[in-house]
Amino acid sequence: MQLDFQHIQAAHCENGVTTNLLRHMGIHQITEPLAFGIGAGIFYIHIPFLKISGGPAISFRTMPGQIFTRTCSALGVKIERKTFSSKEKAQLFLDDCLAKGQPAGCQVGVYHLTYFPKEFRFHFNAHNLVVYGKENDTYLVSDPVMETVTTISAYDLERVRFAKGALAPNGQIYFPKTSEPVSEERIKKGIIKGIKHASWFMTETPVPILGVAGIRFTAGRIKTWRESLGVRRGGLYLAQLVRMGEEIGTGGAGFRFVYAAFLQQAHPFVKKDELLEMSKQFTAIGDLWRASSVQASGIYKGRITEQQDFNVMGDMLLNIAEKEKAAFKALYKIKW
Amino acid sequence: MKQSEIPQDPSPLDKFTKEVCYAVDEKGDYTTALSRGWQVKADALGITWEEAQARTANAREKVKNGEASPILFFMELNMMDLPIVAAYTGFWQWTIKRHLKPNVFKNLSDKKLQKYAEVFDVTIIELKNFSPQIAQINKD
Chain A
183 MQLDFQHIQA AHCENGVTTN LLRHMGIHQI TEPLAFGIGA GIFYIHIPFL
233 KISGGPAISF RTMPGQIFTR TCSALGVKIE RKTFSSKEKA QLFLDDCLAK
283 GQPAGCQVGV YHLTYFPKEF RFHFNAHNLV VYGKENDTYL VSDPVMETVT
333 TISAYDLERV RFAKGALAPN GQIYFPKTSE PVSEERIKKG IIKGIKHASW
383 FMTETPVPIL GVAGIRFTAG RIKTWRESLG VRRGGLYLAQ LVRMGEEIGT
433 GGAGFRFVYA AFLQQAHPFV KKDELLEMSK QFTAIGDLWR ASSVQASGIY
483 KGRITEQQDF NVMGDMLLNI AEKEKAAFKA LYKIKW
Chain B
43 MKQSEIPQDP SPLDKFTKEV CYAVDEKGDY TTALSRGWQV KADALGITWE
93 EAQARTANAR EKVKNGEASP ILFFMELNMM DLPIVAAYTG FWQWTIKRHL
143 KPNVFKNLSD KKLQKYAEVF DVTIIELKNF SPQIAQINKD
């Protein structure tokens, strides 16, 4: 059985799942950047003391599931979201959804995801995909980061849905339930809400590891890495930072380009010229992130290994933090 | 990033897919384009893998020299750390730490070994009769 489902490739998995599921319901105005912006997906956190695969715990995106939830609630779409303790029930529920003609979003772990090449299979549990059909014992899968649709066996799907460790998916399944026609006005309100939420979070939260302050925190840490960890481990930490921001599924530059695209696409709905200006600023900020990644790669490739080079890396992030602070403040202060 | 500046470097992505990038076209409008990959992040992935392999090799030596039980080797081979193994097996982290000692490992029941075997995708026999050859095969 195969549902009529249109696969559109996306830069980020959860944006892609959200966009594809909402479009499937007939909300055709939605695009990946709009889903990302309305869902206030842009983020920064550096959790000290916690290590992920032996490196710093840094994230450029909100908690998994948030983008979908926020976007749907802003558009007035009711959602269904379920986790399971029983693997059998999880599969029955999925089969049931498909029988009813409902493609379902699933949170999965990447490690056992058979269609990923070995190089990309880490213990990362916040990947998202859509299951849109089943033939015999094989599920038809639309994975938004891939160019085309793919398949996975029932056994492997169960494995990835019940991957363990940090952010374990517990068979999580989600989809939009009911939709009314979504008006332009509603989208406009969603956009404003999303921008307010993100800009508030990035600049106003009084926690020194969140938002812009988190970037500054990372910058300070980087300058100490050479001394405390040595060149090699320091380089590995930087490599982890780069992978969090640039690896497939991020859209590059820690989602900053997707956000810039969002601000541009928001303009026809909201008609505030500031948004176009801010879009340009975020493009510039994204370019700074990429420049910092190039500097980091110099360090982890062993081309430049002096304390001076770690300092330059830290200062680049400080500069980015300043620019982002100014940009998000400006967004926060827009009179709607 | 301008559309013309989207990197098209060979990368491990080639075996898999091309990825969507957001970039600005000549008129200043955002558009999407596909990228093969970027050397900078291919390198980041590369050294992460080198590190994982070095850790596996190190663990293999330790097991061979009787300093650790084969569980350590299979942990590193699967890029798992204590919290992950604990989540999959249901053992406490300190229990697993004990099982990493060869003397304790020797006396583990088959029931407990079975849990590790399932997580590491091996048989109990492979787990118990650790030999560098098997370890080598597993690595490839």
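Line order of the protein sequences matches chains A and B.
Counting in my numbering, the first sequence runs from 183 upward without gaps.
Counting in my numbering, the second sequence runs from 43 upward without gaps.
In this text, a Cβ means the ideal position worked out from N, Cα and C, and glycines have one as well.
Item	Value
Within-7 Å CB hit, Lys181/B to chain A	The predicted model places Lys181/B with a pLDDT of 49, which falls under 50 and marks its position as unreliable, so this point remains unresolved.
Any 3 or more C-beta pairs closer than 8 Å across the stretch 470-485 of chain A and the stretch 369-376 of chain A	no
is_contact[Tyr130/B, chain C] using C-beta, thresh 7 Å	This model lacks chain C altogether; the protein chains it does include are A and B.
Under the three-state DSSP convention, the category Arg303/A falls into	coil
Ile167/B in three-state terms, based on DSSP	helix
The alpha helix (DSSP H) enclosing Glu428/A, as first and last residue numbers	393-428
Contact set between Val476/A and chain B, taken where Cβ atoms lie within less than 8 Å	Val82
Beta carbon proximity, Phe492/A to chain B, threshold 7 Å	no
Per DSSP, cross-strand counterpart(s) of Thr332/A	Val323/A
Per-residue burial, Pro230/A [other beta carbons within 10 Å of its own, 16 or more giving buried]	exposed
Whether Arg252/A touches Ala222/A by CB criterion (7 Å)	yes
Option nearest Gln422/A by Cα separation, candidates Lys371/A, Met183/A, Ser241/A	Ser241/A
Members of the stretch 439-452 of chain A near chain B, C-beta cut-off 8 Å	Phe439, Val440, Ala442, Ala443, Gln446, Gln447
Length of the line joining the Cα atoms of Asn145/B and Gly484/A	41 Å
Nearest neighbour of Gln81/B, chosen from Ala509/A, Thr360/A, Ser475/A, Lys264/A [CA to CA]	Ser475/A
Members of the stretch 425-437 of chain A near chain B, C-beta cut-off 7 Å	Arg425, Glu428, Glu429, Ile430, Gly433, Gly434
Chain A contact for Tyr64/B (CB, 7 Å cutoff)	yes
Close Cβ partners of Lys83/B (< 8 Å) along its chain, the five nearest in sequence each way excluded	Ser53
Segment contact flag, the stretch 49-65 of chain B with the stretch 436-450 of chain A, C-beta cutoff 8 Å, min 3 pairs	yes
Proximity of Tyr419/A and Gly237/A at Cβ, strictly below 7 Å	yes
Per-residue burial, Trp471/A [other beta carbons within 10 Å of its own, 16 or more giving buried]	buried
Proximity test, Cβ basis, 7 Å: Tyr482/A and chain B	yes
Every unbroken beta strand (DSSP E) within the stretch 237-262 of chain A, with a cutoff of 3 residues, ordered by chain	237-243
Euclidean distance between Cα positions of Glu456/A and Ala75/B	26 Å
Residues, ordered as in the chain, of the stretch 320-333 of chain A that lie near chain B by beta-carbon distance below 7 Å	Val327, Met328, Glu329
Residues from the stretch 264-280 of chain A in contact with chain B, defined by Cβ distance under 9 Å	none
C-beta contact flag for Ile166/B and Leu150/B at 7 Å	no
Neighbour-count burial assignment, Gly353/A, 16 or more Cβ in a 10 Å radius	buried
C-alpha gap between Glu366/A and Asn197/A, whole angstroms	20 Å
Nearest-angstrom Cβ-Cβ length linking Val152/A and Gly287/A, presumed shorter than 8 Å	Nothing about residue 152/A can be reported from this structure: the residues present for chain A run from 183 to 518 only.
Residue environment, Asp71/B, which counts as buried when at least 16 other CB atoms sit within 10 Å	exposed
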